[in-house]
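A.B. asks:
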Amino acid sequence: MQIYQVAADLTQEQIKRVAYLRRECSAETGVDETVLLNAIKGKIVDDPKLNEHIFCVYKKSNFLDEAGNFHNEVLHKKIADAKNDAVLASKTIEVCSIKKETPQLTSLENYKCLFGKTGIPFL
């Protein structure tokens, strides 16, 4: 699957890590490539495989655990490093790190919120 990184704010190391996780989670979840490409651009559709993909990436990135509990210190570092703004990272996490009914919904809603506030597609 060929997917181009759209976040100029990420370092080369982060881009490589995101690409690796994207391939690994795509293979595990079977998410449709077009659905994933759209999600990377912020266009989210209701798709169970996409939800599983986002959850997979979040777990493997250590953004949250299997139960859907956030590791906010990890999220903070990723956002602060990508945007070079610790205050933005703190404010974004405060607003976006809300646990939902399932870990999949938690990661989905967090991704939508983070993308909306920072433009970073951690997928």
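Going by the working numbering, the sequence shown opens with residue -1, and the numbers climb by one from there.
No residue lacks a Cβ here, since even glycine has one placed at the ideal position from N, Cα and C.
1) DSSP beta-bridge partners for Phe68?
2) What's the C-alpha gap between Asn108 and Glu11?
3) Does the distance from the CB of Asn105 to the CB of Phe53 come in under 8 Å?
4) Which same chain residues end up closer than 8 Å to Val4 when comparing Cβ atoms and leaving out the 5 residues on each side of it in sequence?
5) Measure the C-alpha to C-alpha separation of Ile1 and Ala25 and round it to an integer number of angstroms.
6) I'd like to check one pair, Val55 with Leu103: are the Cβ atoms closer than 8 Å?
7) For Lys47 and Val29, which I take to be in contact (beta-carbon distance under 8 Å), what is that distance rounded to the nearest angstrom?
8) How would you write the range of the alpha helix (DSSP H) that Ser24 sits in, first residue to last?
9) By alpha-carbon positions, which one of Ile42, Pro101, Glu50 ends up nearest to Phe68?
10) Alpha carbon to alpha carbon, how far is Ile96 from Thr32? Give it in angstroms, no decimals.
11) For Leu73, which of Leu62, Ala17, Gly66 has the nearest alpha-carbon?
C.D. replies: With the structure as the only source:
1) By 1-based counting over the sequence shown, the position of residue 68 is 70. Partner(s): Leu62.
2) As a position in the sequence shown, residue 108 is number 110, starting the count at 1. As a position in the sequence shown, residue 11 is number 13, starting the count at 1. Cα-Cα distance, rounded: 23 Å.
3) Looking up residue 105 in the sequence shown gives position 107. Looking up residue 53 in the sequence shown gives position 55. As written in the sequence, residue 105 is Ser, which differs from the Asn given in the question. In this structure, Phe53 lies closer than 8 Å to Ser105 by Cβ.
4) Taking the first residue of the sequence shown as 1, we reach residue 4 at position 6. Interpretation of Val4 is limited by its pLDDT of 44, a score under 50 that renders its predicted location unreliable; no figure is taken from the coordinates.
5) Within the sequence shown, residue 1 is the residue found at index 3, counting from 1. Within the sequence shown, residue 25 is the residue found at index 27, counting from 1. With a pLDDT of 40 at Ile1, under the threshold of 50, the modelled position of this residue cannot be trusted; read the value that follows with caution. Looking at the two C-alpha atoms, the distance is approximately 14 Å.
6) Taking the first residue of the sequence shown as 1, we reach residue 103 at position 105. Taking the first residue of the sequence shown as 1, we reach residue 55 at position 57. Not a contact, by the Cβ cut-off of 8 Å.
7) For this step, residue 47 is matched to residue 49 along the sequence shown. For this step, residue 29 is matched to residue 31 along the sequence shown. 4 Å between Cβ atoms; contact.
8) Start at 1 with the first residue of the sequence shown, and residue 24 comes out as number 26. Its alpha helix (DSSP H) spans residues 10 to 27.
9) Here residue 68 corresponds to residue number 70 of the sequence shown, with the count starting at 1. The shortest C-alpha separation from Phe68 is found at Pro101.
10) Along the sequence shown, read from residue 1 onward, the residue named residue 32 stands at position 34. Along the sequence shown, read from residue 1 onward, the residue named residue 96 stands at position 98. Approximately 28 Å between the Cα atoms of the pair.
11) Your numbering for residue 73 matches position 75 in the sequence shown. Closest by alpha carbon: Leu62.
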